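> Dropping a structure here in structure tokens format, bear with me for questions.
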Amino acid sequence: MQRPQAILWDWDNTLVDGWAGITAALNVVFAAHAMPAWTVADALARVRGSLRDTFPGLFGESWREAVNLFRTTMAERHLQYLRVMPGIGELLQAADAWPLAVVSNKDGPLLRREVAHLGWNAAFRAVVGAGDAAADKPDPAPIWYALAEMGLQPGRNIWYVGDTAIDMRAARAAGCTAVLLGDAAHDGGIAALEEDGAGPHLHCSDASSLTARFRAFAAA
910 MQRPQAILWD WDNTLVDGWA GITAALNVVF AAHAMPAWTV ADALARVRGS LRDTFPGLFG
970 ESWREAVNLF RTTMAERHLQ YLRVMPGIGE LLQAADAWPL AVVSNKDGPL LRREVAHLGW
1030 NAAFRAVVGA GDAAADKPDP APIWYALAEM GLQPGRNIWY VGDTAIDMRA ARAAGCTAVL
1090 LGDAAHDGGI AALEEDGAGP HLHCSDASSL TARFRAFAAA
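One gets the working numbering by counting positions in the sequence shown from 1 and adding 909 to each.
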């Protein structure tokens, strides 16, 4: 595997766990529309795209009002639910030798608040969320947007690390190396990703295995 020139990261369920907050905000919106509540497991299984890509299908013509309510609710409470995923502190330390960025389908302003809340602003040269680029993942636009902010060109020497099929599709479409972190269980597993044309170029089962790979690159 080619040594990376830069590493871009997905956010939710890759670096952090904010699903309790996302689920709570969704349930406020569902209640306002007399829709059944979701569990965190439901959200993990169903939430992939950005608000502008998914809410029209959920809420029809009232989707813009639903987006506004979701954003207001998230802004009030999302930081209290935010947790760093296991092993991520050590992983980011090991990756510190490379330029880093975040590319997420979480709304840009919310995403940047979370990065700042964790004290990670200095770690990332770009933090790109939903709505920042012309389109959101799986479109390659947000990855290209982040690379432009970093002064870099797309290529297989750019790694994009994520946990879902959407992440792998976005990385591939951007011309970058798609790195899967975890088992993609909520997308049916790695075999399902590969059958659907969204398989990773590199699979790391957990943060520690990716940490070891970065340390090996740094020591070479």
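Here a beta-carbon is modelled for each residue, glycine too, at the ideal position from N, C-alpha and C. Just so we're clear, the structure is a prediction, and the values are computed from it rather than from any experiment.
Which value, in whole angstroms, describes the spacing of the CA atoms of alanine 946 and tryptophan 1029?
So the alpha carbons of these two residues sit roughly 33 Å apart.
> Taking 8 Å as the threshold, find out whether the stretch 1022 to 1039 comes into contact with the stretch 935 to 954 through three or more Cβ pairs.
Contact between the stretch 1022 to 1039 and the stretch 935 to 954 is absent, because fewer than three Cβ pairs lie under 8 Å.
> What is the DSSP secondary structure of asparagine 977, reduced to helix, strand or coil?
In this structure, asparagine 977 counts as helix in the three-state DSSP scheme.
> When DSSP builds the beta bridges, which residues end up paired with cysteine 1113?
For cysteine 1113, which the question treats as bridged, DSSP gives the partners Leu1090.
> Kindly indicate the opening and closing residues of the beta strand (DSSP E) around alanine 1010.
Looking at the DSSP string, the run of the beta strand (DSSP E) that includes alanine 1010 is 1009 to 1016.
> Hey, could you find the ends of the beta strand (DSSP E) valine 937 is sitting in?
Counting along the chain, valine 937 falls outside any beta strand (DSSP E), though it belongs to the alpha helix (DSSP H) covering 928 to 941.
> Work out the CA separation of glycine 1060 and glutamine 914 for me, nearest whole Å.
In a straight line, the C-alpha of glutamine 914 is about 12 Å away from that of glycine 1060.
> Take the Cβ of alanine 1080 as the centre, count every other Cβ of all protein chains shown within 10 Å, and call the residue buried at 16 or more, exposed below.
Burial call: buried.
> Would you decide whether histidine 942 is buried or exposed? Buried here means 16 or more other CB atoms lie within 10 Å of its CB.
Exposed: under 16 other Cβ atoms inside 10 Å.
> Which first and last residues belong to the alpha helix (DSSP H) in which valine 949 is found?
Run containing valine 949: 949 to 955, per the alpha helix (DSSP H) assignment.
> Whose CA, out of Asp919, Ile997, Phe979 and Gly1084, lies closest to the CA of asparagine 936?
Of the candidates Asp919, Ile997, Phe979 and Gly1084, the one whose C-alpha sits nearest the C-alpha of asparagine 936 is Phe979.
> Which of the three DSSP states is assigned to arginine 992 in this structure?
DSSP places arginine 992 in strand when its eight states are reduced to three.
> One question on the structure: do valine 1037 and alanine 1050 come within less than 7 Å of each other, judged by their Cβ atoms?
No, Cβ-Cβ distance for valine 1037 and alanine 1050 is not below 7 Å.
> Let me make sure I understand the geometry here. Which of Asp1048, Glu970, Arg986 and Leu917 has the alpha-carbon closest to that of alanine 934?
Of the candidates Asp1048, Glu970, Arg986 and Leu917, the one whose C-alpha sits nearest the C-alpha of alanine 934 is Arg986.
> Nearest to isoleucine 997 by alpha carbon, out of Met1077, Ala1125, Ala1116 and Asn977?
The residue with the shortest Cα to Cα distance from isoleucine 997 is Ala1116.
> Let me check understanding here. Comparing Cα to Cα, which of Cys1085, Asp1076 and Thr1073 lies closest to isoleucine 1067?
For isoleucine 1067, the nearest C-alpha among the options comes from Cys1085.
> Terminal residues of the continuous alpha helix (DSSP H) containing leucine 1133?
The chain is shown from 910 up to 1129; residue 1133 falls before or after that span and cannot be answered.
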